[in-house]
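For reference, the structure discussed in these notes is given below.
In this note's numbering, the protein residues as written are 6 to 337.
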């Protein structure tokens, strides 16, 4: 990736918002760039104090500086004084969540183009792009980018179908979290956190979605028979879901090791969060994906992980059957 010999890069993504999955992407990317390539990294992020603490915990603070993604001066300096702009991981080029967010990342690409800085899209999920303006503007992002790598085949197919003229730039790469370079950094959780194999029969990693009330009813029923745990990956999810669940845990901002330990302590993981599935795969824990967006389905297809469509009318019955089959014979 860095055959041009970049010494300093500006790295941008959905960083600093307390989302454990995006925190893991950031740590993995920084571990790779600073240690494998000896690159100084300016990170454009929501400048929450936990980021600095997290960098120190992972011993990544010596070659990394956090810039405030909301301040014009920081945005300009981070890009202008770097050798390249890197969109690192995640699903940032989509407008399902927010058109405003897509336009923010387009603005960064435009700024890099104005400063004549190389643009690299690295291990992203692409799409969906629903609005005409997003589809139109993304064409320019791809035109300006030197390289575009995606983390799932669905994203690669999307690019080749709708933007075929840039296909020579496209490649498929593993998510940062699953890369060989980064896997070692997460193995430390086996040493720093207490792992209790079988502590939880079923771990649900959830965000709010259309079937959440049905899941709440299912989990209440399962609690009568099994040891069930519910966690979320972002602090805001606690407020969204506490009305449905009496016992729900958010491991905390930047608490990647703690999250991995909870997953390692579970017999089965059911998740509608992509990185809940990625962490489970990383830890060789059986998991089932609930497909609430294309990136979950794409990952599950690529790694042969079972997934169920959230719109399936038999979703709850299928999950109940799979749990009972998996845990048959357990008595407390």
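For every residue, glycine included, the Cβ atom is placed at its ideal position computed from N, Cα and C. Given the structure is predicted, the values throughout are model-derived calculations rather than measurements.
Beta bridge counterpart(s) of residue i as assigned by DSSP
i	result
residue 276	210 and 294
residue 176	154
residue 127	93
residue 15	47 and 90
residue 71	48
residue 271	205
residue 235	209
residue 314	296
residue 98	131
residue 198	Partner(s): none; residue 198 has no beta bridge.
residue 254	236
Rounded separation between residue i and residue j - CA only
i	j	result
residue 142	residue 108	9 Å
residue 26	residue 330	29 Å
residue 365	residue 260	Outside the displayed span of the chain (6 to 337) sits residue 365, for which this structure offers no information.
residue 184	residue 309	17 Å
residue 126	residue 151	8 Å
residue 155	residue 287	19 Å
residue 73	residue 271	37 Å
residue 84	residue 116	8 Å
residue 190	residue 33	8 Å
residue 179	residue 301	14 Å
residue 128	residue 14	16 Å
residue 332	residue 291	12 Å
residue 312	residue 296	6 Å
residue 159	residue 96	12 Å
residue 207	residue 30	25 Å
residue 148	residue 293	37 Å
residue 315	residue 215	8 Å
residue 205	residue 277	18 Å
residue 91	residue 80	13 Å
residue 219	residue 212	13 Å
residue 104	residue 110	10 Å
residue 113	residue 161	23 Å
residue 231	residue 10	54 Å
residue 279	residue 242	15 Å
Neighbour-count burial assignment, residue i, 16 or more Cβ in a 10 Å radius
i	result
residue 102	exposed
residue 233	buried
residue 177	exposed
residue 289	exposed
residue 119	exposed
residue 122	buried
residue 269	buried
residue 169	exposed
residue 137	exposed
residue 341	Only positions 6 to 337 of the chain appear in the structure, and residue 341 is not among them; the question remains open.
residue 172	exposed
residue 202	exposed
residue 304	buried
residue 24	buried
residue 299	buried
residue 77	exposed
residue 244	exposed
residue 181	buried
residue 37	buried
residue 187	buried
6 Å Cβ shell around residue i - same chain, five flanking residues per side excluded
i	result
residue 70	47
residue 235	209, 250 and 253
residue 227	233
residue 49	17, 72, 74 and 83
residue 174	152 and 153
residue 217	249
Neighbourhood of residue i by C-beta distance below 8 Å, restricted to the same chain and skipping five residues each side
i	result
residue 223	321, 324 and 325
residue 22	51, 53 and 239
residue 58	259
residue 221	249 and 250
residue 247	253
Residues of its chain near residue i, where Cβ-Cβ distance is below 7 Å and the 5 sequence neighbours each way are ignored
i	result
residue 35	46, 65 and 69
residue 12	44, 45 and 88
residue 134	99, 100, 140 and 143
residue 163	131 and 132
residue 284	264, 265 and 268
Residue i CB to nearest heavy atom of the ligand SAM below 6 Å
i	result
residue 131	The model on display carries no ligand, and the ligand SAM is accordingly not part of it.
(message) Threshold first: 4 residues or longer. Then list the alpha helix (DSSP H) segments lying entirely within the stretch 16–42, N to C.
(response) 25–36
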